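Colleague: Just dropping this structure here.
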Amino acid sequence: MSEINGTIQRVLITQEQIQEKIPTAAKLINSLYDGTPILLVSILKGAFVFLADVLRQVTVPCEVDFMEAKSYFNHTRSSGTVALTKDLSHDVKHYHVVIIEDIIDSGRTLKEVAHLIQARQPKSFTIITLLDKPSRRVVELNADLSLFTIPDYFVVGYGLDYAERYRNLPYIAEFQLNS
Ligand code: IMP
Ligand code: MG
C-alpha cells in the first residue's frame, strides 16, 4: 500500500460518454470475423474494465487472454522501461488478435507488446484503445481505433489507477499530485 498524495480534480469523461462509445469498439471486432475466432488481449491491469464492457457487446466467436506489462511503478510518468510480467496462454497463430488497451501514453508498452505478438504471426493484429494521449508519444505507434483523445493529463478511473487506487470509479477523472 502506498500513500496517496494527490486529488481528483474533475470528471473528464462521464460514465454515459464511455458507454455510448463501447458499441464502436464491439462493431470493429465483429467486422473482423471471417470464420477464425477473435482473441481479445487485454494488458493488465488498467484495461480489464474496458475489456469487460466491450466483450459483452461482441457477437462473434471470441476468446480472452491477458498480458501484464509494467512501466509505471506508482508514478505519473513512465519509467521508460517496459517489463513483461505475464505472457499469453494462447498460441496467437490461430486467431485474429485484438489488443484492448486502456490508454496509450508514450506508446512504449504497446510497441513492445505489439512486436512480441506480431512475431508470433497471428492471422491479423488490431489495436483498440479507450484513451489516447498523442502529445506524449515517444515512439511511433497508432491504434486502429481510439475512443477518446485526451490532453496531457494524468487520469484515473474505469480501470486506470494512481498507486493502485481509483480503478473503481465509473468515470475518467483528472488526477493531480500535490505540489
Ligand atoms: P505508455 O507505455 O507510456 O504508453 O503507458 C502505458 C501504460 O501506462 C498504460 O497502459 C497505463 O497503464 C499507464 N498510464 C499511462 N498514462 C496513464 C494515466 O494518465 N493514468 C493512469 N495510467 C496511465
Ligand atoms: Mg495499460
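Quick note: the sequence shown uses the working numbering, first residue -19, plus one each step.
For each residue, glycine too, the CB sits at the ideal point set by N, CA and C.
Note that this is a predicted model, so its numbers are computed, not measured.
1. Going along the chain, which unbroken runs of the alpha helix (DSSP H) with 4 or more residues stay wholly within the segment 20 to 48?
2. Report whether the distance from the Cβ of V135 to the nearest heavy atom of ligand 1 is below 8 Å.
3. Starting from K1 and walking both ways along the beta strand (DSSP E), at which residues does that stretch end?
4. Ordered along the chain, which non-local residues of its own chain (more than five positions away) have a Cβ less than 6 Å from that of L149?
5. In the DSSP assignment, the beta strand (DSSP E) including Q156 goes from what residue to what residue?
6. Along the chain, where does the alpha helix (DSSP H) that runs through K91 open and close?
7. Would you say the beta carbon of L157 comes nearer than 8 Å to a heavy atom of ligand 1?
8. For ligand 1, I want to know if T26 counts as a neighbour, meaning its beta carbon is within less than 8 Å of at least one of the ligand's heavy atoms.
9. Taking all protein chains shown into account, decide if G15 is buried (16 or more other Cβ within 10 angstroms of its Cβ) or exposed.
Modeller: Here's the rundown:
1. Entirely contained in the segment 20 to 48, the alpha helix (DSSP H) runs reaching 4 residues are, in chain order, 28 to 35.
2. In terms of side-chain proximity, the C-beta atom of V135 is found nearer than 8 Å to a non-hydrogen atom of ligand 1.
3. Premise fails: K1 lies in the alpha helix (DSSP H), -5 to 11, not in any beta strand (DSSP E).
4. So the list reads G137, once near-sequence residues are dropped.
5. Note, Q156: beta strand (DSSP E), 152 to 157.
6. In the DSSP assignment, K91 falls within the alpha helix (DSSP H) that extends over 88 to 98.
7. No, ligand 1 has no heavy atom inside 8 Å of this Cβ.
8. One point to set straight first is that residue 26 is Gly, not Thr, in the sequence displayed. Answer for G26: yes, Cβ within range of ligand 1.
9. That one is exposed.
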